[in-house]
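The block underneath contains the structure these notes are about, expressed in structure tokens.
Residue numbers (the working numbering): 16 to 334.
Spelled out as structure tokens, the structure:
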């Protein structure tokens, strides 16, 4: 028998990125196909969701669901509110996620998992390593201005991407020897170039026939909402896209912030390898484009295959 090398304890730090987060699914599949399986998973925001699904053995169930999402499905999951610290509560979305993957206690998961969140009042980075898995995911996903903060562990928590968009440090703290960071935050210049290149024309989603009676009233409500939040409906009305609206400004600001924070944090504590899927055409709420994002994740792994060779298990040779 050939002498086998000692395998490092692999950790994956799954970055925040809203709808771009479905690329994590493609990355995980591509790594598994190469025999690379993590021992530790950490995540911020949507990265926390995918990491939790993998760590609990429910990635296939999550992927099956996200691949079915349409634009209409996404809008139905947005429980709007004009009270509190965001325009959406996130309860309807978390309920839908809870129907796809079962909640578990983090301590009982077969793999090490933790999510990162931020304390709204102190700015402290919070590592969620105990208790309900799905509660940790929701606490990590309170994107400022979009989703309301979550009261969890006696404090108000917001999106982990505010303090640590790609939680490499947390991955190492949980025992990883070799950390692979999946960074979904493209540099701002790259994102702008992609936006100009793709500039997709998006139309109002067609509702099923049995909902036609309520469609007119629903879109009338959206028009009223647009008077208060210009940019939210600008994505549905491209003729108004010359001037950025509130939603576009908010999304771009979050991206700029997370891009700068991610680069700063990873410069101070660099991962052993960074995987960066090409997701320049993706907008904040493009959750219905799961198939494209997953494929982008697969391609990103292919682009760093040479760097992954040391992590791949050696073929078993005969005696």
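We put the beta carbon where it would ideally sit given N, CA and C, even for glycine.
Model, not experiment: these values are computed from the prediction.
(message) Using CA atoms only, rank isn't needed, just tell me which of 58, 40, 54, 55 is closest to residue 80.
(response) 40
(request) Alpha carbon to alpha carbon, how far is residue 37 from residue 65? Give it in angstroms, no decimals. (result) 8 Å
(message) In the DSSP output, what is residue 197 paired with across the bridge?
(response) 29, 290
(message) Please classify residue 145 as buried or exposed, where buried requires at least 16 neighbouring CB atoms within 10 angstroms.
(response) exposed
(request) Please report how far the alpha carbon of residue 124 lies from the alpha carbon of residue 150, in whole angstroms. (result) 14 Å
(request) Report the three-state DSSP secondary structure of residue 144 (helix, strand or coil). (result) coil
(message) Among the candidates 157, 315, 189, 127, whose CA atom is the shortest distance from the CA of residue 59?
(response) 157
(message) If you reduce the DSSP assignment to three classes, tell me which class residue 167 lands in.
(response) strand
(request) Could you tell me the distance, in whole angstroms, from the CA atom of residue 188 to the CA atom of residue 258? (result) 45 Å
(request) On a CA-only basis, which of 285, 143, 148, 142 is nearest residue 69? Give me that one, please. (result) 148
(request) Identify the continuous beta strand (DSSP E) that holds residue 59 and give its terminal residues. (result) 55-59
(request) Leaving aside the five residues before and after residue 323 along the sequence, list all residues of the same chain whose C-beta is less than 8 Å from its C-beta, in chain order. (result) 46, 49, 51, 288, 316
(request) Classify residue 300 as helix, strand or coil using the three-state DSSP reduction. (result) coil
(request) Counting only the same chain and skipping the five closest in sequence on each side, list residues whose C-beta sits under 6 Å from that of residue 71. (result) 119, 124
(message) Considering Cα atoms alone, identify which of 274, 192, 164, 111 is closest to residue 53.
(response) 192
(request) Counting only the same chain and skipping the five closest in sequence on each side, list residues whose C-beta sits under 7 Å from that of residue 137. (result) none
(request) Tell me the start and end of each unbroken alpha helix (DSSP H) in the stretch 72-138 that is at least 4 residues and wholly inside, in chain order. (result) 74-81, 86-91, 106-115
(message) Could you tell me the alpha carbon to alpha carbon distance between residue 152 and residue 130, rounded to whole angstroms?
(response) 7 Å
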